[in-house]
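Asker: Numbering (this note's numbering), first residue to last: 111 to 566.
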Amino acid sequence: MTEVFAKQALLPEGWRHNVQITIEADGTFSSITPDSTQKTDVPLLEMVVPPQISLHSHAFQRAMAGLAERKQNPDDTFWTWRTRMYQLAHRISPEQMQDVAAFLYMQMLKAGYAQVAEFHYLHNAIDGRAYASPAEISSRLAAAATDAGIGITLLPTLYARGGFDGSPLNDAQKRFASTPDTIARILSDLQSEWRGSPLVTTGVGLHSLRAVDIQGLGNLLQAAGPRAPIHIHIAEQQREVEACLAATGQRPVAHLMNHFPVDARWCLVHATHLSEGEVTAIARSEAVAGLCPITEANLGDGIFPFEAYVAQTGRFGIGSDSNVLLSPWEEIRLLEYGLRLQSQKRCVALPPEQKGSIGAWLYRQSLAGGAQACGMSLNGLQPGARADLCVLDERCLSLPDLQNDDILDSAIFATSSPPVRHVMCAGQWRITDGHHADEARLTKAFHATLRTLMAA
Ligand code: NGQ
Ligand code: ZN
Numbered sequence: 111m112t113e114v115f116a117k118q119a120l121l122p123e124g125w126r127h128n129v130q131i132t133i134e135a136d137g138t139f140s141s142i143t144p145d146s147t148q149k150t151d152v153p154l155l156e157m158v159v160p161p162q163i164s165l166h167s168h169a170f171q172r173a174m175a176g177l178a179e180r181k182q183n184p185d186d187t188f189w190t191w192r193t194r195m196y197q198l199a200h201r202i203s204p205e206q207m208q209d210v211a212a213f214l215y216m217q218m219l220k221a222g223y224a225q226v227a228e229f230h231y232l233h234n235a236i237d238g239r240a241y242a243s244p245a246e247i248s249s250r251l252a253a254a255a256t257d258a259g260i261g262i263t264l265l266p267t268l269y270a271r272g273g274f275d276g277s278p279l280n281d282a283q284k285r286f287a288s289t290p291d292t293i294a295r296i297l298s299d300l301q302s303e304w305r306g307s308p309l310v311t312t313g314v315g316l317h318s319l320r321a322v323d324i325q326g327l328g329n330l331l332q333a334a335g336p337r338a339p340i341h342i343h344i345a346e347q348q349r350e351v352e353a354c355l356a357a358t359g360q361r362p363v364a365h366l367m368n369h370f371p372v373d374a375r376w377c378l379v380h381a382t383h384l385s386e387g388e389v390t391a392i393a394r395s396e397a398v399a400g401l402c403p404i405t406e407a408n409l410g411d412g413i414f415p416f417e418a419y420v421a422q423t424g425r426f427g428i429g430s431d432s433n434v435l436l437s438p439w440e441e442i443r444l445l446e447y448g449l450r451l452q453s454q455k456r457c458v459a460l461p462p463e464q465k466g467s468i469g470a471w472l473y474r475q476s477l478a479g480g481a482q483a484c485g486m487s488l489n490g491l492q493p494g495a496r497a498d499l500c501v502l503d504e505r506c507l508s509l510p511d512l513q514n515d516d517i518l519d520s521a522i523f524a525t526s527s528p529p530v531r532h533v534m535c536a537g538q539w540r541i542t543d544g545h546h547a548d549e550a551r552l553t554k555a556f557h558a559t560l561r562t563l564m565a566a
């Protein structure tokens with residue numbers, strides 16, 4: 111049993127002071143008691159919030175952060191970026207993938223994340239052949255997460271065709287080739303390998319409507335289990351909306367909902383281009399909209415119709431996606447700033463009738479949506495939940511003596527790097543004073559791997 115005492119902590123019911131926090135040996139909270147008196151020998155933490163959740167990540171893309179920012183064409187787009195990204199996807203080995211992911215997951219912890227949903231679609235060897243174990247790369251991602259000490263929802267992702275016309279995968283996509291059966295096999299291998307782990311859970315990814323035939327997925331979704339999360343890239347680019355319309359006569363969300371009873375198990379990632387009817391349909395479905403503001407800005411995707419969506423109580427969370435930059439604080443800041451620039455207003459994200467702190471509201475809603483999308487039924491500082499804590503570094507905030515929601519507004523809008531001091535995941539301190547216990551080893555392996563990758 112571990113005990114800590116927080117001067118200020120964000121609990122599910124709001125900010126509370128003098129909170130006694132007790133953690134069981136199994137890595138869950140056993141009690142959270144506000145208005146307590148600090149016992150001797152129990153360490154004092156100034157400002158405590160639940161760590162954030164990245165509900166969408168492609169770990170390997172961390173290996174090209176900052177390398178896709180050169181103009182190559184009169185018209186650089188998402189699709190030219192994708193060609194560049196495929197060059198990396200085409201040559202990274204399973205061992206290199208693990209080194210990159212372990213380093214990335216350490217960086218996520220340092221930035222204030224304690225959970226990641228890894229949307230993983232690179233399943234085959236470089237020559238396109240299946241590995242002897244189909245879960246070869248997926249297992250390495252789980253190993254990377256447990257090595258760094260972050261929670262992971264692994265989403266082995268189906269990628270079966272080149273486009274709506276059923277065209278085959280091209281050479282650059284051969285490593286992604288999978289069928290509902292291979293994904294079901296990866297899932298069952300992962301489930302038996304990681305059963306009982308407090309850090310590893312699973313769900314299913316469907317790459318996109320263009321890469322997956324949504325007929326005949328019944329068995330796969332059943333194999334995943336009745337509560338497993340299901341994630342899909344839904345409508346990131348206009349071009350895929352047009353292709354969907356041309357092939358099916360329906361827009362992507364409408365097409366998806368025509369085939370599945372989309373509900374709270376679903377996470378619709380990059381629901382960027384929506385009709386008004388689709389906004390309402392997602393909000394009503396209780397699915398989570400997976401928003402990745404930094405990557406969506408980086409790739410020139412467009413802006414999600416956030417105001418209309420939250421006015422209808424739509425659920426959402428944030429994802430680091432391409433991992434070009436790791437900061438939940440900056441994801442949230444950019445989400446709000448995109449809306450301000452677009453609407454020429456301030457404090458836009460809150461639903462119309464609501465007043466109060468933008469930062470705190472976005473932080474808490476993102477957590478709720480992230481937890482739902484990761485299949486975490488309990489999350490936050492409450493008994494029974496996994497013991498995850500983020501202790502903020504008050505010295506890094508913009509002003510002294512901040513209280514309650516002002517803390518999150520400062521951390522999001524007025525502080526340039528993540529103001530994170532310590533992070534606990536599943537009852538263990540993974541980050542202390544800004545550092546990871548295995549930082550030197552993980553960094554060295556990442557650098558060595560990057561040098562090999564760049565030389566190849
Ligand atoms: C991905 N990334 O799967 O890595 C995609 C690009 C695609 C984002 N959508 C590839 N942000 O959509 O075909
Ligand atoms: Zn993605």
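Every residue gets a Cβ at the ideal spot worked out from N, C-alpha and C, and that includes glycine.
Whole angstroms is fine: what's the gap from Pro278's alpha carbon to Gly412's?
Answerer: Taking the sequence shown and counting its residues from 1, the one referred to as residue 278 is at position 168. Taking the sequence shown and counting its residues from 1, the one referred to as residue 412 is at position 302. Cα-Cα distance, rounded: 28 angstroms.
Asker: Leaving out the 5 sequence neighbours to the left and right, which residues in its chain are closer than 8 angstroms to Leu121 when beta-carbon positions are compared?
Answerer: Mapped onto the sequence shown, residue 121 falls at position 11. Val129, Ile142, Pro144, Gly490, Leu491, Gln492.
Asker: For ligand 1, is there any heavy atom lying closer than 7 angstroms to the beta carbon of Thr405?
Answerer: By 1-based counting over the sequence shown, the position of residue 405 is 295. Flag set: Cβ of Thr405 near ligand 1.
Asker: Answer with buried or exposed for Gly313, where buried requires no fewer than 16 other C-beta atoms within 10 angstroms of its C-beta.
Answerer: The residue you call residue 313 lines up with position 203 of the sequence shown. Its Cβ being crowded by 16 or more others within 10 Å, Gly313 is buried.
Asker: Using 8 angstroms as the threshold, is the C-beta distance between Gly261 and Cys457 below it?
Answerer: Within the sequence shown, the letter at position 151 stands for residue 261. Within the sequence shown, the letter at position 347 stands for residue 457. The answer is no: Cβ separation not under 8 angstroms.
Asker: Within 10 Å of its beta-carbon, does Arg505 have 16 or more other beta-carbons around it, so buried, or fewer, so exposed?
Answerer: Working through the sequence shown from its first residue, we reach residue 505 at position 395. Exposed is the call here.
Asker: Write down every uninterrupted run of the beta strand (DSSP E) in the stretch 409-466 whose length is 3 residues or greater and which is fully enclosed by it, in chain order.
Answerer: Segments of the beta strand (DSSP E) lying fully in the stretch 409-466: 425-428.
Asker: Based on DSSP bridge pairs, tell me the residues matched to Met534.
Answerer: On the sequence shown, residue 534 is found 424 positions in, with the first residue counted as 1. For Met534, which the question treats as bridged, DSSP gives the partners Leu499, Trp539.
Asker: For Phe274, name the three-state secondary structure that DSSP assigns.
Answerer: Along the sequence shown, read from residue 1 onward, the residue named residue 274 stands at position 164. Coil at Phe274, not helix or strand.
Asker: On a CA-only basis, which of Ser288, Thr256, Phe115 is nearest Thr159? Give me that one, please.
Answerer: Locating residue 159 in the sequence shown gives position 49, where the first residue counts as 1. Checking the sequence shown, residue 159 turns out to be Val, not Thr. Cα-wise, what sits closest to Val159 is Phe115.
Asker: Between Leu499 and Ile517, which are expected to be in contact by the criterion C-beta below 8 angstroms, what is the C-beta distance as a whole number of angstroms?
Answerer: Taking the sequence shown and counting its residues from 1, the one referred to as residue 499 is at position 389. Taking the sequence shown and counting its residues from 1, the one referred to as residue 517 is at position 407. Incorrect: roughly 15 angstroms between the Cβ atoms, too far for contact.
Asker: Can you give me the C-alpha to C-alpha distance between Ala566 and Leu251, rounded to a whole angstrom?
Answerer: Start at 1 with the first residue of the sequence shown, and residue 566 comes out as number 456. Start at 1 with the first residue of the sequence shown, and residue 251 comes out as number 141. Approximately 22 angstroms, taken between the alpha carbons.
Asker: Compute the beta-carbon to beta-carbon distance between His166 and Val379, rounded to the nearest angstrom, for a pair I have assumed lies under 8 angstroms.
Answerer: Here residue 166 is taken as the residue at index 56 of the sequence shown, counted from 1. Here residue 379 is taken as the residue at index 269 of the sequence shown, counted from 1. With a Cβ gap of about 5 angstroms, His166 and Val379 count as contacting.
Asker: Confirm, please, whether the CB-CB distance from Leu198 to Ala173 is below 8 angstroms.
Answerer: Taking the sequence shown and counting its residues from 1, one reaches residue 173 at position 63. Taking the sequence shown and counting its residues from 1, one reaches residue 198 at position 88. A contact, by the Cβ cut-off of 8 angstroms.
Asker: Just to confirm before moving on: does the CB-CB distance between Cys377 and Pro339 stay below 8 angstroms?
Answerer: Here residue 377 is taken as the residue at index 267 of the sequence shown, counted from 1. Here residue 339 is taken as the residue at index 229 of the sequence shown, counted from 1. Yes; because the gap between Cβ atoms is below 8 angstroms, this pair is in contact.
Asker: Which two residues bound the contiguous alpha helix (DSSP H) that contains Met367?
Answerer: What you label residue 367 is simply residue 257 of the sequence shown in a count that begins at 1. It spans 362-369 - the alpha helix (DSSP H) in which Met367 sits, taken as one unbroken run.
Asker: For the beta strand (DSSP E) holding Tyr223, just list the boundary residues, first then last.
Answerer: Within the sequence shown, the letter at position 113 stands for residue 223. 223-230 is the span of the beta strand (DSSP E), which, as asked, contains Tyr223.
Asker: With a 10 Å radius around its C-beta and 16 neighbouring C-beta atoms as the bar for buried, classify Gln348 as buried or exposed.
Answerer: As a position in the sequence shown, residue 348 is number 238, starting the count at 1. Result: exposed.
Asker: Just checking Val434 against ligand 2 - is the residue's beta carbon closer than 7 angstroms to any of the ligand's heavy atoms?
Answerer: As a first step, residue 434 must be located in the sequence shown, where it is residue number 324. False, no ligand heavy atom lies under 7 angstroms from that Cβ.
Asker: Do Leu472 and Gly466 have their C-beta atoms closer together than 8 angstroms?
Answerer: Reading the sequence shown from its first residue, position 362 is the one you call residue 472. Reading the sequence shown from its first residue, position 356 is the one you call residue 466. No. Outside cutoff.
Asker: Using the Cβ count rule (16 or more neighbours within 10 Å means buried), how would you classify His532?
Answerer: Residue 532 sits at position 422 when you count from the first residue of the sequence shown. The residue in question, His532, is buried, as its Cβ has 16 or more Cβ neighbours within 10 Å.
Asker: Are the beta-carbon atoms of Arg361 and Ser385 separated by less than 8 angstroms?
Answerer: For the purposes of this step, residue 361 is taken as the residue at position 251 of the sequence shown. For the purposes of this step, residue 385 is taken as the residue at position 275 of the sequence shown. In this structure, Ser385 lies closer than 8 angstroms to Arg361 by Cβ.
Asker: Flag this pair as yes or no: are the beta carbons of Arg285 and Ile236 separated by less than 8 angstroms?
Answerer: Within the sequence shown, the letter at position 175 stands for residue 285. Within the sequence shown, the letter at position 126 stands for residue 236. Yes, Cβ-Cβ distance for Arg285 and Ile236 is below 8 angstroms.
Asker: Let me check understanding here. Comparing Cα to Cα, which of Ile131, Gly326, Lys117 lies closest to Gly537?
Answerer: As a position in the sequence shown, residue 537 is number 427, starting the count at 1. When only C-alpha atoms are compared, the closest one is Ile131.
Asker: Closer than 7 angstroms: is that where the CB of Asp431 sits relative to any heavy atom of ligand 2?
Answerer: Counting from 1 along the sequence shown, the entry for residue 431 is found at position 321. Yes - ligand 2 has a heavy atom lying nearer than 7 angstroms to the Cβ of Asp431.
Asker: What distance in whole Å lies between the Cβ atoms of Ser248 and Ile202, which are believed to be in contact at a cut-off of 8 angstroms?
Answerer: Stepping through the sequence shown from its first residue, residue 202 is reached at position 92. Stepping through the sequence shown from its first residue, residue 248 is reached at position 138. With 8 angstroms as the limit, Ile202 and Ser248 do not qualify as a contact, their Cβ atoms being about 14 angstroms apart.
Asker: Are the Cβ atoms of Ala393 and Gly427 separated by less than 8 angstroms?
Answerer: Along the sequence shown, one-based indexing puts residue 393 at 283. Along the sequence shown, one-based indexing puts residue 427 at 317. No, Cβ-Cβ distance for Ala393 and Gly427 is not below 8 angstroms.
Asker: In whole angstroms, what separates the C-alpha of Ala245 from that of Tyr269?
Answerer: Within the sequence shown, the letter at position 135 stands for residue 245. Within the sequence shown, the letter at position 159 stands for residue 269. Ala245 and Tyr269: Cα-Cα distance of roughly 15 angstroms.
Asker: Does ligand 2 have a heavy atom nearer than 7 angstroms to the CB of His230?
Answerer: Sequence index remark: in the sequence shown, residue 230 carries index 120 (1-based). No, the beta carbon of His230 sits no closer than 7 angstroms to any heavy atom of ligand 2.
Asker: Quick check: the stretch 326-340 against the stretch 288-307, are there 3 or more CB pairs under 8 angstroms?
Answerer: Output reads yes: the stretch 288-307 touches the stretch 326-340.
Asker: Between Arg285 and ligand 1, is the CB less than 7 angstroms from at least one heavy atom?
Answerer: As a working mapping, residue 285 is identified with position 175 in the sequence shown. No, the beta carbon of Arg285 sits no closer than 7 angstroms to any heavy atom of ligand 1.
Asker: Below 7 angstroms CB to CB, which residues in the same chain sit around Ala495 once its five sequence neighbours on both sides are set aside?
Answerer: Residue 495 sits at position 385 when you count from the first residue of the sequence shown. Excluding residues within five positions, the ones whose Cβ falls inside 7 angstroms are Thr138, Phe139, Leu488, Asn489.
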